[in-house]
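**Q** One structure coming up, written as C-alpha cells, with questions to follow.
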C-alpha cells in the first residue's frame, strides 16, 4: 500500500506541476487530507496532511511521523522540503523536478506492474445516467460513483444518497451538492445528511458560483466552520 500511496502522490505531481502557472492571486485557503488503506477488507488511516495556500505560496504539512514540510513557491519555480526531526532542508528546482517526473512517467508506462501503468496513464470507463444524474468512473483500480443530488430539499438529497449507497455494492460514493442555489446553512444540512447516508464524501457545485469566480471565500468559510471545525481531527 505504501508504494501505491507514493505512486499516487507522484501522479499528482505529473498532472499538476507540468502546467503550474505563476502564483495564483486568489484568497487564501486550506485543505485537510487523510489517507486510508483498505487492505484485507479493513479501512485504517495511514497518513494525514494539511495544505495551506497563502499569498501565492503552498505549504504542505505531513502531520503523522516522520513529520515534514514542503513549501512550493510557483513564482520562484522552486520547492523546499524540510524534516525538522533530522534538521534536513532540501531545495529542488521546479524544472529539475519536472525532468525527474517525466523520467518516472516513462518508467511507469513500461512497468510490469499494472497499477503503475495505470497511474502513468489513468483511463476510466465513464457512464452517465442523465435521468438520475449519476456519473460512474470504473477501472481495474478505481471504481467510484458520483451522483449529482441537486435538489433544494435536504430530505430528498438524503434519500437519493441513501439509495445510491445501497446500490453501490460497496463502491465509494461521492455526492454532488447544488450549493450554488442554496444558502450555506442549507448546504451544511445536506452535507450532514449525506454523511449520515454512508457516502464517502461530497462535492460542492459550483466553485465559480459560490465564490463569485474566486472573489469571495465567505460561503466556503461558513461551511468549513460547521462541517470541519478542526482539520487536525
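In our numbering, the protein residues as written are 36 to 268. Even glycine gets a Cβ: it sits at the ideal position worked out from N, Cα and C.
What are the boundary residues of the alpha helix (DSSP H) that includes residue 135?
**A** 129-145
**Q** Beta-carbon within less than 7 Å of residue 263's beta-carbon, same chain only, minus the 5 sequence neighbours each way: which residues are those?
**A** 67
**Q** Does the Cβ-Cβ distance between residue 182 and residue 205 come in under 8 Å?
**A** Cβ distance not < 8 Å, so residue 182 and residue 205 don't count as in contact.
**Q** In terms of DSSP beta bridges, what is residue 94 paired with?
**A** Partner(s): 87, 106.
**Q** Taking the alpha carbon of residue 87 as the point to measure from, which residue in 198, 63, 112 has its own alpha carbon closest?
**A** Ranking 198, 63, 112 by Cα distance to residue 87 puts 63 first.
**Q** Using CA atoms only, rank isn't needed, just tell me which of 105, 139, 130, 109 is closest to residue 124.
**A** 105
**Q** Can residue 242 and residue 219 be called in contact, C-beta distance under 8 Å?
**A** no
**Q** Ends of the beta strand (DSSP E) at residue 162?
**A** 160-164
**Q** Nearest-angstrom Cα distance between residue 212 and residue 224?
**A** 11 Å
**Q** Reducing DSSP to helix, strand and coil, say where residue 153 ends up.
**A** DSSP places residue 153 in the helix class (H, G or I) of the three-state scheme.
**Q** What is the DSSP secondary structure of residue 124, counted as helix, strand or coil?
**A** strand
**Q** Is DSSP giving residue 194 helix, strand or coil here?
**A** helix
**Q** Only counting the same chain, and skipping five residues up and downstream in sequence, which positions put a Cβ closer than 6 Å to that of residue 153?
**A** Take residue 153, set aside five residues on each side of it, and the residues of its chain with a beta-carbon closer than 6 Å to its own are 176, in chain order.
**Q** Indicate whether residue 85 and residue 113 have their beta-carbon atoms separated by less than 8 Å.
**A** no
**Q** Using a Cβ-Cβ cut-off of 6 Å (strictly less than) and excluding sequence neighbours within five positions of residue 261, which residues of its own chain qualify?
**A** Cβ-Cβ distances below 6 Å link residue 261 to 223 in the same chain, with the five nearest sequence neighbours on each side left out; the list follows chain order.
**Q** Determine whether the beta carbon atoms of residue 189 and residue 209 lie at a separation below 8 Å.
**A** In this structure, residue 209 does not lie closer than 8 Å to residue 189 by Cβ.
**Q** Please classify residue 53 as buried or exposed, where buried requires at least 16 other C-beta atoms within 10 Å of its C-beta.
**A** With a pLDDT of 47 at residue 53, under the threshold of 50, the modelled position of that residue is not reliable, and no figure is offered here.
**Q** Report back the beta-carbon spacing between residue 173 and residue 160 to the nearest angstrom; my notes put them in contact at under 8 Å.
**A** 5 Å
**Q** Could you name the residues of the same chain whose beta carbon sits closer than 6 Å to that of residue 69, not counting the 5 residues immediately before and after it, in chain order?
**A** 80, 83
**Q** Give the straight-line distance between the Cα atoms of residue 244 and residue 120, rounded to the nearest whole angstrom.
**A** 43 Å
**Q** Can you tell me the Cα-Cα spacing of residue 108 and residue 91, whole angstroms?
**A** Answer to the nearest angstrom: the Cα atoms are 7 Å apart.
**Q** Only counting the same chain, and skipping five residues up and downstream in sequence, which positions put a Cβ closer than 7 Å to that of residue 143?
**A** 151, 152, 154, 155
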